[in-house]
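To convert a position in the sequence shown, counted from 1, into the working numbering, add 18. Even for Gly, the Cβ is constructed at its ideal location relative to N, Cα and C. Quick caveat: nothing in here was measured; it's all calculated off a predicted structure.
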Amino acid sequence: MGMRRKPYWRGLGTPKTLVLFRTPDQWRYAVHFEAPGGFADGFLDRPAPSCDAELAQAALRLKAEEITHRELEVSWQSTDQPDWWTGIITKVGPLPAPDH
Numbered sequence: 019m020g021m022r023r024k025p026y027w028r029g030l031g032t033p034k035t036l037v038l039f040r041t042p043d044q045w046r047y048a049v050h051f052e053a054p055g056g057f058a059d060g061f062l063d064r065p066a067p068s069c070d071a072e073l074a075q076a077a078l079r080l081k082a083e084e085i086t087h088r089e090l091e092v093s094w095q096s097t098d099q100p101d102w103w104t105g106i107i108t109k110v111g112p113l114p115a116p117d118h
């Protein structure tokens, strides 16, 4: 009987903040986690970089939920950098029950 590895997302910790910024070619993001710490980053396939920030913020929340396997509520704030936003995660849903 072999040992089953736990899914990567079970070791990520609790997501705390999201960072979203627009480049000429795409939307880039980072998801920051508390203990054990770390982050996940990348770019959004959709929406287009010309879209409204609210659409990209919604897409990033969905991406973060996909990464963490949790429902998230996010409060967005603009920053002093143009085309940059910070999302403070105000509510984190529970992890799914482990498979046995």
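Cutting at 8 angstroms between CB atoms, please list the residues of its own chain near residue i, excluding the five before and the five after it.
i, result
"LEU80", "none"
"ALA77", "TRP45, LEU62, ARG64 and PRO65"
"PRO42", "PRO67"
Buried or exposed, going by whether 16 or more other CB atoms sit within 10 Å of the CB of residue i?
i, result
"THR108", "exposed"
"ARG64", "exposed"
"THR97", "exposed"
"LEU73", "exposed"
"ARG88", "buried"
Below 9 angstroms between beta carbons: does that hold for residue i and residue j?
i, j, result
"ALA48", "ALA58", "yes"
"LEU38", "THR104", "yes"
"LEU30", "VAL92", "no"
"PRO121", "ARG28", "Residue 121 is absent from the structure shown; the chain starts at 19 and stops at 118."
"LYS34", "ILE106", "yes"
Leaving out the 5 sequence neighbours to the left and right, which residues in its chain are closer than 7 angstroms to residue i when beta-carbon positions are compared?
i, result
"THR32", "PHE51, GLU52 and VAL110"
"ALA71", "TRP103"
"GLU83", "GLU89 and LEU90"
Excluding the 5 residues preceding and the 5 following residue i in the sequence, name in chain order all residues of the same chain whose CB lies nearer than 6 angstroms to its CB.
i, result
"ARG40", "PRO67 and ASP101"
"PRO54", "GLY31"
Q: Identify every run of the beta strand (DSSP E) within the segment 71-97, keeping only runs that are complete inside it and at least 3 residues long; order them along the chain.
A: 90-96
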